[in-house]
Structure formats: structure tokens, C-alpha cells
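All residue numbers for the sequence shown refer to our numbering, where the first residue is 49 and numbers rise by one. No residue lacks a Cβ here, since even glycine has one placed at the ideal position from N, Cα and C.
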Amino acid sequence: MTQELIQAVNKQVANWTVLYVKLHHYHWFVKGQHFFTLHEKFEEFYNEANEHIDVLAERILSIGGTPVSTLKAIIELASVQEATGGESEAEMVQTTCSDFEKMIQELQDAMKLADQAGDEGTGDVLLGIHVSLQKHVWMLKAYLGS
49 MTQELIQAVN KQVANWTVLY VKLHHYHWFV KGQHFFTLHE KFEEFYNEAN EHIDVLAERI
109 LSIGGTPVST LKAIIELASV QEATGGESEA EMVQTTCSDF EKMIQELQDA MKLADQAGDE
169 GTGDVLLGIH VSLQKHVWML KAYLGS
């Protein structure tokens with residue numbers, strides 16, 4: 049069970065690492081009437097991603113695992129895809145929202161594994177990220193008018 053949990057948490061490390069780069073890309077290349085708002089929001093998100101990567105990796109180490117730490121392994125493990133380039137500002141927001149929704153589901157699965165393993169510490173870390181993503185999805189959907 050612990051190996052399954054470590055793998056699930058490692059998937060989050062991989063996803064957040066891909067998002068860290070993707071959100072930087074969006075931050076640098078967003079254009080349009082919402083530039084100032086989105087430029088700042090994407091920076092906020094990639095700073096949050098950086099924090100999550102560290103917390104999740106350190107949690108993996110503390111429960112006896114090895115966090116994913118090479119770009120090749122990260123790309124192979126992540127369910128979040130890299131930016132394609134050329135996205136419109138609306139596509140950037142929609143993709144970010146969709147990525148967050150995918151990660152919410154994966155976090156729920158990982159929290160179940162943590163519960164089954166009796167690992168409240170890991171469950172708590174995952175729950176904090178889960179709650180944050182739920183709020184982000186709500187706000188992004190409101191921004192998109194959906």
C-alpha cells in the first residue's frame with residue numbers, strides 16, 4: 049500500500065513540475081485585454097506549484113520513498129501535459145482549469161490510499177492541496193463565465 053501511495057504522491061510531484069513550467073510559459077506569453085490580470089495570476093500559480101513540489105517531495109522522502117526528480121521521469125509520470133505554445137488567453141485559463149480538475153480527482157484517489165495506509169500526515173498534505181485547487185477551479189470557472 050505504501051508503494052502505491054508513494055507513486056500517487058510522485059504523480060503529483062510530476063504534475064506540479066509540468067505545471068510549474070507550463071504556468072511560466074503562460075505567464076510569459078499571455079496576450080490580450082486580460083494580460084495584467086492573467087500575467088499576475090499565472091505567476092501566483094507557478095509560485096504555488098513550486099511550494100507544492102517541495103512539500104510533496106519532502107513528504108515522499110519522509111515516508112521512505114524517492115521523489116521523481118528528472119525531467120524524463122516527470123514527463124513519463126505526469127498526467128498533465130506541457131503547454132503547446134500559441135494558446136489564446138482563454139485557452140490558457142481553460143487548460144489550467146482542466147489540469148486542476150484532473151489533479152483534484154487524482155488527489156482524491158491518493159487521499160484514499162493515504163487513508164487505507166493509515167498515513168494521516170500524507171493525507172493532510174494532499175487535502176490541503178485539494179482544497180486549494182477546488183478554490184482555484186471555482187475562480188477560473190467564474191472568470192470563464194462557466
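Output the distance between the C-alpha atoms of residue i and residue j, rounded to the nearest integer angstrom.
i    : j    : result
L188 : F90  : 11 Å
I111 : T132 : 35 Å
T85  : V128 : 24 Å
I122 : L155 : 17 Å
Y191 : K120 : 34 Å
G169 : E106 : 12 Å
With H, G and I counted as helix, E and B as strand and the rest as coil, what does DSSP make of residue i?
i    : result
V78  : coil
G171 : helix
V116 : coil
S194 : coil
I111 : coil
Over what stretch of residues does the alpha helix (DSSP H) that includes residue i continue unbroken?
i    : result
Q129 : Taken as a continuous stretch (DSSP letters only), Q129 belongs to no alpha helix (DSSP H), as it is neither H nor E.
A138 : 137-164
Cutting at 7 Å between CB atoms, please list the residues of its own chain near residue i, excluding the five before and the five after it.
i    : result
A97  : W64, L67, Y68, L71
L109 : P115
D163 : G171
E135 : T143
H75  : H87, F90, E91, Y94
Residues in the same chain with beta-carbon distance under 8 Å from residue i, minus the five sequence neighbours each way, listed in chain order, please.
i    : result
I152 : H178, L181, Q182, V185
For residue i, which residues in the same chain have their Cβ closer than 6 Å to its Cβ, ignoring the five residues on either side in sequence?
i    : result
A275 : Outside the displayed span of the chain (49 to 194) sits residue 275, for which this structure offers no information.
Y197 : Past the boundaries of the shown model lies residue 197; the chain is included only from 49 to 194, so the question cannot be answered.
L161 : E52, L53, A56
Examine the ligand SAM and report whether any of its heavy atoms sits within less than 7 Å of the Cβ of residue i.
i    : result
L188 : Ligands in the displayed structure: none, and consequently the ligand SAM is not present.
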